[in-house]
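Before any comments, here is the structure.
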Amino acid sequence: MRHRFTLPAVACLCAAAGYLAYRTEVAASDNHSSASASLEPIVGEELAATAAAPNVPPPLTRNHATKVILNIEVKEHVQTLADGVTYTYWTFGDDAPGRFIRVREGDLVETHFSNHPDNMFSHNVDFHAAAGPEGGGDASFIAPGHTTTFSWRAMQPGLFLYHCVAAPAGLHIANGMYGLLLVEPKEGLPKIDKEFFVVQGEFYTRGAYGERGQQEFSMEKALKEQPDYVVFNGHVGALMGDHALRVKTAQSVRLYLGNPGPSLVSSFHVVGGIFSNVYGEGGSTVNQHNVQTTVIPVGGAAMVEMVADVPGNYTIVDHAMFRAFNKGAMGLLEVDGAPRTELFSGRQSEQIYDPGTHLQRVAATTSAVPTPSTADGGANEHGKQIYTTICVACHQPDGHGLANTFPPLAQSDFLMGDTDRAVRVLLQGLSGQVIVNGQTFNNVMPKLPLTDEDIAGALSYVRNSFGNTGSVVSVADVARVRGELDSGKTPALTRAGGT
Amino acid sequence: MLARSTIATARFALGLMYCLAPMTGARPRDAPPNADRCATEHEAGHAVGPSCGIKKREPVMIPAGHYLPFFKQGRAQSIPVAEFWLDAAPVTREEYLDFVRRNPAWRKSQVKALFAESTYLADWINDSSPGDNLEDPVTFVSWFAARAFCADRDRRLPTVAEWERAAGALNPTTIGAQDTAAARGKAPFRFAMGRPSADIQSTSISFGTIWEWTADFNSAMALGDSTGTNGRSSLFCGAGFRSNNPTDYAAFLRYSFRSSLRANYTLKILGFRCAR
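Protein chains in written order, with this note's numbering: chain A, 17 to 515; chain B, 383 to 658.
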């Protein structure tokens, strides 16, 4: 907890000195940053400090304004949007989002903007940090095989988007043309242990989420503002697995957040985390403390700071949850360190709970559920119903799961290899690391309120769907496994190998 | 202001020089029919594939019709377009080779820098060798060069209105629906490069492999010269407001692309065809 309170205090002290100087320069302007009144002399010249997602270049240590040379090359090229799904991205530099750019308040940014000769379209860039017509949109508008130069002064500190604004702007943004630029205040930002950046964006594909192969822009879905993909840092899984953000307990972390949209406002949330400081909408002032979820408007930004004292996995989401679970807006902050049970105990005990009362359930009033049979290859309606109402949320309509998050059922060696184990998973739930088709997953499948008939039906269905062909699971099979577990004949299942 | 007026003067001089430039070389001859060498479908994924799928290269009569300007000029109104003839396909490298043989001033090694950028015919080996793929559309050609080619054949570049009348067909809800899967994979927005209008037989004329020059490419906005800071600003955030159909993304892309051009530009993905 120490950091949560000391951090803002230090920030205030640091900021105060710089802010006094700043106020003197613009004294007459009463909170409006008048450019001409406070122009610092430009001293020297250097290449812009930039970094590829999710990294942020280190703080600038200069105590003067300089000429910053910023090179941006636009590329139209095929990139991976999700596992097995490709899309022709239009990018600033090599990928979407473009590189994080860090300049100092007062810097002169000489922008060299190039459109690759193999590109098909004309492009430009609008720096939200550049106060002038189109943010440079017209000045930078350029045909393929050409380059253009324009300069602007970064007069007002804060976190800003940059994006392509060539017509039709929504299309250019939906294809990946966006990035973040930090105008660091003269006095610098408060010291922090770790910095990352996360940009939320949408992809409108003709195929549904997860449909394999090269996908194309869907004008229809864009007009309805209904993307199939809502992702962090340009790709499904860009912040998962090996790409998860990693910090240690008690380390302070600042996340620079952007949302080019083009349609959806982000309700940015870190599951299990509380933002000690929020620079609302990416402005230069901490305007709120102890925030659970912060809004990133479309075409805007935000900065959040937090400290995790308890080790573990903190999932990063857009709290509009169907975006997180079904459209890709999910990442991971992994916090390493010693347990702090005095702050957070974890599970302490688990017992049977029997209040002695009964709640009416739909299942109790329906007629007998047909038992899956080999005659229909396990394609039973009841099992399908269970799958499409419960299992589908994680394992997805096509049974492919979500890369690095939820394991696939389609052609799954884990599912097909051991029927009794599959029954145990449904009876008890499963948590911890499992290896499915050579891929490692580390997540939780909850224990579900399913009857033996439900389990037999659902398992028979998934074992004979998504290209799977397998034996059906009978109600008797489920009852037998349940009996074995209850009698202690089979040890409870915790991990893949723990059978 | 000084810089603006200098640019304006230079552009005026450029136009004047073009007008005064003598037309050299022999009289035009008709385009050689090379439909036989043309495969029925252009090679999947070829960046600038041959204009195929058509029976003959002869000009096609485009009946009188209407064209709805993409940007409103006052009230939204369609502009009548008189009957005209338009080449069935973009000019090929072979046709352009014939042109430069007879017009040395337009050879790769001799073209005036004012009339074409240094990338003029960049994919040609030398003045007399366009390399392989003779049936491919010629690209890396400037507006000046395209104008001269058409004039050499007693033809001209189509106007934006004519080009859009012939090739601007698009139902915005089915953008790209007719693209083949193979073509989509390489160039997903190729639909913006044109589709024959509904009343023109799609087997008689071919569009959609490259961008094409038009006579008045830089007056799409009807707002002064293309180097100024005012002319294009309506293309950016104000674009939807002034557009007659803000959902026609293909038209947006075409107008956006045209407005980024200057007459001496020579691009890999930009060729032309002639009209009369």
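No residue lacks a Cβ here, since even glycine has one placed at the ideal position from N, Cα and C.
Check each candidate in the options and name the one with the smallest Cα separation from residue i.
| i | options | result |
| --- | --- | --- |
| residue 443 of chain A | A:174, A:333, A:461 | A:461 |
| residue 344 of chain A | A:224, A:463, A:368 | A:224 |
| residue 485 of chain A | A:427, A:469, A:63, A:436 | A:427 |
| residue 109 of chain A | A:120, A:131, A:101, A:124 | A:131 |
| residue 468 of chain A | A:436, A:117, A:98 | A:436 |
| residue 74 of chain A | A:314, A:208, A:397, A:339 | A:208 |
| residue 441 of chain B | B:643, B:532, B:498, B:486 | B:532 |
| residue 227 of chain A | A:100, A:67, A:376, A:262 | A:100 |
| residue 7 of chain A | A:183, A:472, A:478 | As shown, chain A starts at 17 and ends at 515. That puts residue 7 of chain A outside it, with no answer to give. |
| residue 80 of chain A | A:91, A:94, A:62 | A:62 |
| residue 630 of chain B | A:367, A:125, A:183 | A:183 |
| residue 71 of chain A | A:217, A:262, A:421, A:432 | A:262 |
| residue 576 of chain B | B:591, B:500, B:582 | B:591 |
| residue 114 of chain A | A:121, A:143, A:98 | A:143 |
| residue 421 of chain A | A:400, A:457, A:55 | A:457 |
| residue 650 of chain B | B:549, B:581, B:518 | B:518 |
| residue 231 of chain A | A:95, A:465, A:278 | A:95 |
Tell me where the beta strand (DSSP E) around residue i begins and ends.
| i | result |
| --- | --- |
| residue 444 of chain A | Residue 444 of chain A -> not in any beta strand (DSSP E); alpha helix (DSSP H) instead, spanning 435-444. |
| residue 506 of chain B | Residue 506 of chain B -> no beta strand (DSSP E), and no H or E assigned at all. |
| residue 455 of chain A | 455-461 |
| residue 274 of chain A | 268-277 |
| residue 526 of chain B | Per DSSP, residue 526 of chain B belongs to no beta strand (DSSP E); it is in the alpha helix (DSSP H), 525-534. |
| residue 465 of chain B | Careful: residue 465 of chain B lies outside any beta strand (DSSP E) and carries neither H nor E. |
| residue 156 of chain A | That residue, residue 156 of chain A, is in no beta strand (DSSP E); its alpha helix (DSSP H) goes 153-156. |
Give the residues of chain B in contact with residue i, contact being defined as C-beta atoms less than 7 Å apart.
| i | result |
| --- | --- |
| residue 158 of chain A | 642 |
| residue 425 of chain A | Within 7 Å Cβ-Cβ: nothing; residue 425 of chain A doesn't reach chain B, min ~28 Å. |
| residue 198 of chain A | Within chain B, no residue comes near residue 198 of chain A; the closest Cβ sits about 24 Å away, beyond 7 Å. |
What does residue i reach in chain B if we use C-beta pairs closer than 9 Å?
| i | result |
| --- | --- |
| residue 223 of chain A | Simply none; closest approach about 12 Å. |
Should residue i be flagged as near chain A, meaning a C-beta pair shorter than 8 Å?
| i | result |
| --- | --- |
| residue 654 of chain B | no |
| residue 571 of chain B | yes |
| residue 374 of chain B | Coverage of chain B is limited to positions 383 through 658, which leaves residue 374 of chain B absent and any answer about it impossible. |
| residue 557 of chain B | Per-residue confidence for residue 557 of chain B stands at a pLDDT of 41, beneath the threshold of 50, marking its modelled position as unreliable; the derived number appears in the next sentence. Residue 557 of chain B counts as touching chain A. |
| residue 444 of chain B | no |
| residue 431 of chain B | Reliability fails at residue 431 of chain B, whose pLDDT of 42 lies under 50, so the model's placement of it is uncertain and the value that follows must be treated cautiously. False, the Cβ-Cβ gap to chain A never drops below 8 Å. |
| residue 406 of chain B | Summary for residue 406 of chain B: the model assigns pLDDT 31, below 50, so the residue's position carries little reliability; its value from the coordinates is reported in the next sentence. So no, residue 406 of chain B is outside the interface. |
| residue 494 of chain B | no |
| residue 468 of chain B | no |
| residue 608 of chain B | Here residue 608 of chain B scores only 36 on pLDDT, less than 50, and its place in the model is too uncertain to base an answer on. |
| residue 450 of chain B | no |
| residue 587 of chain B | no |
| residue 651 of chain B | yes |
| residue 526 of chain B | no |
| residue 634 of chain B | yes |
Please compile the residues from chain B whose C-beta is within a distance smaller than 8 Å of the C-beta of residue i.
| i | result |
| --- | --- |
| residue 276 of chain A | Chain B residues near residue 276 of chain A: none, gap ~14 Å exceeds 8 Å. |
For residue i, report the span of its alpha helix (DSSP H) as first-last.
| i | result |
| --- | --- |
| residue 408 of chain A | 408-411 |
| residue 635 of chain B | 631-641 |
| residue 398 of chain A | 397-402 |
| residue 477 of chain B | 475-484 |
Please confirm if residue i has its CB atom under 8 Å from at least one CB of chain B.
| i | result |
| --- | --- |
| residue 184 of chain A | yes |
| residue 337 of chain A | no |
| residue 466 of chain A | no |
| residue 361 of chain A | no |
| residue 273 of chain A | no |
| residue 137 of chain A | yes |
| residue 177 of chain A | no |
| residue 100 of chain A | no |
| residue 2 of chain A | Residue 2 of chain A lies beyond the residue range present for chain A, which begins at 17 and ends at 515; the question has no answer from this structure. |
| residue 97 of chain A | no |
| residue 443 of chain A | no |
| residue 375 of chain A | no |
| residue 187 of chain A | yes |
| residue 501 of chain A | no |
Residues of chain A with a CB under 8 Å from the CB of residue i: which are they?
| i | result |
| --- | --- |
| residue 501 of chain B | 133, 161 |
| residue 507 of chain B | The premise fails here: residue 507 of chain B is roughly 18 Å from chain A at the closest Cβ pair, so nothing lies under 8 Å. |
Would you mind telling me which residues of chain A sit closer than 7 Å to residue i, beta carbon to beta carbon, in chain order?
| i | result |
| --- | --- |
| residue 490 of chain B | Those do not exist, as residue 490 of chain B stays about 16 Å from chain A at its closest Cβ, beyond 7 Å. |
| residue 647 of chain B | 159 |
For the segment 326-368 of chain A, which segments carrying the beta strand (DSSP E) assignment without a break, of at least 3 residues, lie completely within its bounds, in sequence order? Fully enclosed beta strand (DSSP E) runs of 3 or longer: 328-334, 346-352.
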